[in-house]
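Participant:
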Amino acid sequence: MRNVWWLCVAVSLLDQVMLAWSQLASPPLPVLPIPSATQLKWQRREIIMFLHFGMNTFTDSEWGTGYESPSSFNPTNLDANQWVGAAADIGVSLVILTAKHHDGFCLWPSTYTDHTVEKSPWKGGKGDIVREFVDAAKARGVDVGLYLSPWDRHERSYGQDLQYNEFYIAQLQELLTRYGSISEIWFDGAKGADAANMTYYFNDWFSMVKLLQNSINIFSDAGPDVRWVGDESGFAGSTSWSPINRTMLTIGNESIVNYLNKGDPRGTDWVPPECDVSIRPGWFWHKPEAPKSVSKLLEIYYKSVGRNCVLLLNVPPNSTGLLSETDVKRLKEFHSAIYTIFSNNLIKGSKVKASSQRGGQRGGFSAENVLNDDELSYWAPEDTDRASWIEMKLSDNGVISFNVIRIQEAIWMGQRIKNHEVYADGKVVGQGTTVGYKRLHRLGKIIQARSVRIRITKSRGVPLLSSVGLHLDPFAASSNCI
Ligand SMILES: *[C@@H]1O[C@H](CO)[C@@H](O)[C@H](O)[C@H]1NC(C)=O
Ligand SMILES: *[C@@H]1O[C@H](CO)[C@@H](O)[C@H](O)[C@H]1NC(C)=O
Ligand SMILES: *[C@@H]1O[C@H](CO)[C@@H](O)[C@H](O)[C@H]1NC(C)=O
Ligand SMILES: *[C@@H]1O[C@H](CO)[C@@H](O)[C@H](O)[C@H]1NC(C)=O
Numbered sequence: 304m305r306n307v308w309w310l311c312v313a314v315s316l317l318d319q320v321m322l323a324w325s326q327l328a329s330p331p332l333p334v335l336p337i338p339s340a341t342q343l344k345w346q347r348r349e350i351i352m353f354l355h356f357g358m359n360t361f362t363d364s365e366w367g368t369g370y371e372s373p374s375s376f377n378p379t380n381l382d383a384n385q386w387v388g389a390a391a392d393i394g395v396s397l398v399i400l401t402a403k404h405h406d407g408f409c410l411w412p413s414t415y416t417d418h419t420v421e422k423s424p425w426k427g428g429k430g431d432i433v434r435e436f437v438d439a440a441k442a443r444g445v446d447v448g449l450y451l452s453p454w455d456r457h458e459r460s461y462g463q464d465l466q467y468n469e470f471y472i473a474q475l476q477e478l479l480t481r482y483g484s485i486s487e488i489w490f491d492g493a494k495g496a497d498a499a500n501m502t503y504y505f506n507d508w509f510s511m512v513k514l515l516q517n518s519i520n521i522f523s524d525a526g527p528d529v530r531w532v533g534d535e536s537g538f539a540g541s542t543s544w545s546p547i548n549r550t551m552l553t554i555g556n557e558s559i560v561n562y563l564n565k566g567d568p569r570g571t572d573w574v575p576p577e578c579d580v581s582i583r584p585g586w587f588w589h590k591p592e593a594p595k596s597v598s599k600l601l602e603i604y605y606k607s608v609g610r611n612c613v614l615l616l617n618v619p620p621n622s623t624g625l626l627s628e629t630d631v632k633r634l635k636e637f638h639s640a641i642y643t644i645f646s647n648n649l650i651k652g653s654k655v656k657a658s659s660q661r662g663g664q665r666g667g668f669s670a671e672n673v674l675n676d677d678e679l680s681y682w683a684p685e686d687t688d689r690a691s692w693i694e695m696k697l698s699d700n701g702v703i704s705f706n707v708i709r710i711q712e713a714i715w716m717g718q719r720i721k722n723h724e725v726y727a728d729g730k731v732v733g734q735g736t737t738v739g740y741k742r743l744h745r746l747g748k749i750i751q752a753r754s755v756r757i758r759i760t761k762s763r764g765v766p767l768l769s770s771v772g773l774h775l776d777p778f779a780a781s782s783n784c785i
């Protein structure tokens, strides 16, 4: 009897061991809300580009009146290949064009108004800038987005709800059926104080957009796919949740900008923030203006991409119809600065250990996953681990000199981390709230340490880290050693 009992225990233990050796632990459940595939693709673009171009380019204004003569619109050497080339050369994979701004002048020959390129001297009225833009983008493998201003100061039906909404949807249909696949459409609530009081039928517009384009992201203050970050300086909140409650959002409501900026840890909808900012003081090109410095652009990068945002950087073509040489040069410098900082992960190939690993050593969720290039793998602690951390050390136990910490969550499983701390040789060097797709800590000085530990102190469910990096930023204000 006694012998049989021992045998049973031994067999069942062996069984469990065999199981552990032959099977991976299942992944944890996602923590809702999670992104759609289209939103995830958008997030991974990190930097996308806006091109503000139109009547304002020729009248030296930001908001046209709608009374401009189409004869003013005459770019002498327009080349959309140059616009898209500048974007593609720095790895930008999505470019958005202002098909119509508030002045109502259309860059394509819309059949619903005569205020278009067709009435301009450009190409004898035979041109279509949206077409040239889309063709140029296709040739370089770059995706396109469009902006169609809801506020139209030229259109006479503006102010009459039914007529104007019908007109607007008609123009949307032109843009979303004539030019192939459109990846993002941009709506805003911008409107002058003198504008007629009218209601935009956003629900009708959004439904029509989704019908006509099945892999598009709709951007507006209220999403549904991507939300405005709440400012035009390119800065997300230092707490930045992709989840938010759409029921709280209305387009053009000034009192929700703070909510838009931070998002909502209890939000039920995945509507990640997009940071729109111009490389110049204006959105449109003005001869005397100059692009922002590399150091300003880097600050924007850290506070947008480094705070769980996509950066939508506007670069306006000039009245010749080309991006100014100064802007193209600045874009390259910006890109090369980012490359200098982030192409070298100082802890690549280092030893990683963690407070625990889901399913143990062979579970498939090992701590080393944060250093591989597989963007789908991640480190997961055990469900019971209430004080999770991950620690990196060089394999030769050498000193790491860094001033940037990069942390990334496996956001397709939900945005989870609420609070985290970073320790270098046991001393706190960085702390923050949310992480999301990417969190960058740019430190005030270079830290030298043999071990770096990231502690997750508060989280919705267990934290899941997909990637971690330590970097050296030679452009930081004070990059002296301590
Ligand atoms: C605008 O119109 C709406 C709906 O008709 C109305 O409720 C609102 O009071 C109006 N606002 C102004 C400023 O006239
Ligand atoms: C604007 O947002 C505030 C705060 O959520 C809300 O109380 C108010 O009703 C909103 N206004 C409109 C016009 O939706
Ligand atoms: C968002 O919705 C959730 C679920 O209904 C709720 O718990 C949370 O309080 C809401 N957030 C705000 C700011 O009202
Ligand atoms: C526009 O930029 C191009 C360089 O890309 C330059 O040759 C041209 O002179 C500029 N046009 C104006 C009006 O500044």
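Numbered according to the numbering used here, the sequence shown terminates at residue 785, and the numbering increases by one at each position without gaps.
Note that CB positions come from ideal geometry on N, CA and C, so glycine has one too.
#1: Under 6 angstroms: does the beta carbon of ILE488 sit that close to some heavy atom of ligand 2?
#2: Taking VAL274 as the reference, which of SER769, TRP386, ILE554 and ASN647 has the closest Cα?
#3: Which of helix, strand or coil does DSSP assign to MET511?
#4: Does the stretch 605-624 come close enough to the stretch 333-351 to have 3 or more Cβ pairs within less than 8 angstroms?
#5: With distances taken Cα to Cα, identify the nearest neighbour of LEU449 among ARG443, PRO424 and HIS404.
#6: Just the Cα atoms here: how many angstroms apart are ILE703 and TYR726?
#7: Below 8 angstroms on the Cβ atoms is my guess for ILE582 versus ASP630; work out the distance and round it to an integer in Å.
#8: Identify every residue that forms a DSSP beta bridge with VAL755.
#9: Return the residue from the list ARG665, GLY729, THR571 and VAL395 that minimises the CA-CA distance to PRO330.
#10: Just grab the DSSP bridge partners of VAL613 for me.
#11: Following a CB-centred definition, is THR623 positioned closer than 6 angstroms to any heavy atom of ligand 4?
#12: Taking the alpha helix (DSSP H) that VAL387 falls in, what are its first and last residues?
#13: Out of ARG689, ILE708 and TRP411, which one is the CA nearest neighbour of GLY430?
#14: Using a threshold of 7 angstroms, state whether the C-beta atoms of SER523 and PHE470 are closer than that.
#15: I want to know whether the stretch 729-736 touches the stretch 771-778 - three or more CB-CB distances under 8 angstroms.
#16: Compare the beta carbon distance of ARG709 and LEU743 with 7 angstroms and say whether it is the shorter of the two.
#17: Quick check on the contact list: which residues have their beta carbon closer than 6 angstroms to a heavy atom of ligand 2?
#18: Please say whether ARG763 and TRP692 have beta carbons closer to each other than 7 angstroms?
#19: Which value, in whole angstroms, describes the spacing of the CA atoms of ILE521 and GLN718?
#20: What are the complete alpha helix (DSSP H) segments, minimum 4 residues, inside the stretch 338-384?
#21: Grab me the residues of PRO576's own chain with a C-beta within less than 6 angstroms of its C-beta, minus the 5 sequence neighbours each way, in chain order.
#22: Can you name the start and end residues of the alpha helix (DSSP H) that SER607 belongs to?
#23: Check for me: the alpha helix (DSSP H) holding VAL631 runs from which residue to which?
#24: From HIS457 to ASN517, what distance separates their C-alpha atoms?
#25: How about ARG569: is its Cβ closer than 6 angstroms to a heavy atom in ligand 3?
#26: Can you check DSSP and say which residues form a bridge with GLN711?
#27: Could you check what DSSP says for GLU458 in three-state terms: helix, strand or coil?
#28: So does the stretch 353-363 actually touch the stretch 585-593, counting three or more Cβ pairs closer than 8 angstroms?
#29: Against chain C, does ARG753 count as a neighbour if the rule is that its beta carbon must be under 7 angstroms from one of theirs?
#30: Which residue marks the beginning of the alpha helix (DSSP H) containing ILE554, and which one marks its end?
#31: Indicate whether the contact test is met: 3 or more Cβ pairs, each with one atom in the stretch 624-638 and one in the stretch 387-399, closer than 8 angstroms.
#32: Indicate the three-state DSSP secondary structure (helix, strand or coil) for ILE750 in the structure shown.
#33: Looking at ligand 3, does it come within less than 6 angstroms of ASN548, judged from the CB to the closest heavy atom?
#34: Which residues bound the beta strand (DSSP E) around LEU400?
#35: Compare the beta carbon distance of ASP572 and GLN342 with 7 angstroms and say whether it is the shorter of the two.
#36: Which residues in the same chain as SER680 place their Cβ atom closer than 6 angstroms to its Cβ, once the five residues preceding and following it in sequence are excluded?
Facilitator: Checking against the coordinates, here is how it stands:
#1: Here residue 488 refers to the residue found at position 185 of the sequence shown. The answer is no for ILE488.
#2: Examination of residue 274 is not possible in this model, given that the chain is present from 304 through 785 alone.
#3: Looking up residue 511 in the sequence shown gives position 208. If DSSP states are grouped into helix, strand and coil, MET511 belongs with the helices.
#4: Judged by Cβ distances under 8 angstroms, the stretch 605-624 makes contact with the stretch 333-351, as three or more pairs qualify.
#5: In the sequence shown, residue 449 corresponds to position 146, counting from 1. For the residues ARG443, PRO424 and HIS404, the minimum Cα distance to LEU449 belongs to HIS404.
#6: Start at 1 with the first residue of the sequence shown, and residue 703 comes out as number 400. Start at 1 with the first residue of the sequence shown, and residue 726 comes out as number 423. If you take the alpha carbons of ILE703 and TYR726, they lie about 13 angstroms apart.
#7: The count along the sequence shown starts at 1 and reaches residue 582 at position 279. The count along the sequence shown starts at 1 and reaches residue 630 at position 327. Indeed, because the Cβ distance is near 6 angstroms, the residues count as touching under 8 angstroms.
#8: As a working mapping, residue 755 is identified with position 452 in the sequence shown. BP columns for VAL755 point to MET695 and ALA727.
#9: To locate residue 330, count along the sequence shown from 1; it is residue 27. In this structure, ARG665 is the residue among ARG665, GLY729, THR571 and VAL395 with its C-alpha nearest to the C-alpha of PRO330.
#10: Translated into positions along the sequence shown, residue 613 becomes position 310. GLU577.
#11: Position 320 of the sequence shown, counted from the start, is the residue given in the question as residue 623. THR623: yes, Cβ under 6 angstroms from ligand 4.
#12: As a working mapping, residue 387 is identified with position 84 in the sequence shown. 383-392 is the extent of the alpha helix (DSSP H) around VAL387.
#13: Locating residue 430 in the sequence shown gives position 127, where the first residue counts as 1. The option with the nearest alpha carbon to GLY430 is TRP411.
#14: Along the sequence shown, one-based indexing puts residue 523 at 220. Along the sequence shown, one-based indexing puts residue 470 at 167. Going by C-beta atoms, SER523 is not nearer than 7 angstroms to PHE470.
#15: no
#16: Here residue 709 refers to the residue found at position 406 when the sequence shown is read from its first residue. Here residue 743 refers to the residue found at position 440 when the sequence shown is read from its first residue. Yes, these two residues count as a Cβ contact at 7 angstroms.
#17: MET551, THR553, ASN556, SER558 and ILE559
#18: Locating residue 692 in the sequence shown gives position 389, where the first residue counts as 1. Locating residue 763 in the sequence shown gives position 460, where the first residue counts as 1. Result no, Cβ atoms of TRP692 and ARG763 do not sit closer than 7 angstroms.
#19: As a first step, residue 521 is located in the sequence shown; it is residue number 218 there, counting from the start. As a first step, residue 718 is located in the sequence shown; it is residue number 415 there, counting from the start. In a straight line, the C-alpha of ILE521 is about 21 angstroms away from that of GLN718.
#20: 340-346 and 358-362
#21: Counting from 1 along the sequence shown, the entry for residue 576 is found at position 273. Closer than 6 angstroms at Cβ, skipping near neighbours: ARG530, VAL532, ALA539 and CYS612.
#22: Within the sequence shown, numbered from 1, the residue matching residue 607 stands at position 304. Counting along the chain, the alpha helix (DSSP H) containing SER607 begins and ends at 597-607.
#23: The count along the sequence shown starts at 1 and reaches residue 631 at position 328. That run of the alpha helix (DSSP H) goes 628-645.
#24: To locate residue 457, count along the sequence shown from 1; it is residue 154. To locate residue 517, count along the sequence shown from 1; it is residue 214. The C-alpha of HIS457 lies about 31 angstroms from the C-alpha of ASN517.
#25: One-based indexing of the sequence shown puts residue 569 at position 266. Yes, since a heavy atom of ligand 3 falls inside the 6 angstroms radius drawn around the Cβ of ARG569.
#26: Indexing the sequence shown from 1 puts residue 711 at position 408. DSSP lists SER770 as partners of GLN711.
#27: Residue 458 sits at position 155 when you count from the first residue of the sequence shown. Coil.
#28: yes
#29: Checking the listed chains, one finds no chain C in this structure; it contains a single protein chain.
#30: Numbered from its first residue, the sequence shown carries residue 554 at position 251. Element bounds for ILE554: n/a, residue is neither H nor E.
#31: yes
#32: Numbered from its first residue, the sequence shown carries residue 750 at position 447. Strand at ILE750.
#33: Position 245 of the sequence shown, counting from 1, holds the residue named residue 548. Taking 6 angstroms as the cut-off, one finds at least one heavy atom of ligand 3 near enough to the beta carbon of ASN548.
#34: Here residue 400 is taken as the residue at index 97 of the sequence shown, counted from 1. Start and end: 397-403.
#35: Within the sequence shown, the letter at position 269 stands for residue 572. Within the sequence shown, the letter at position 39 stands for residue 342. Result no, Cβ atoms of ASP572 and GLN342 do not sit closer than 7 angstroms.
#36: Position 377 of the sequence shown holds residue 680. Excluding sequence neighbours, SER680 sits near ASN672.
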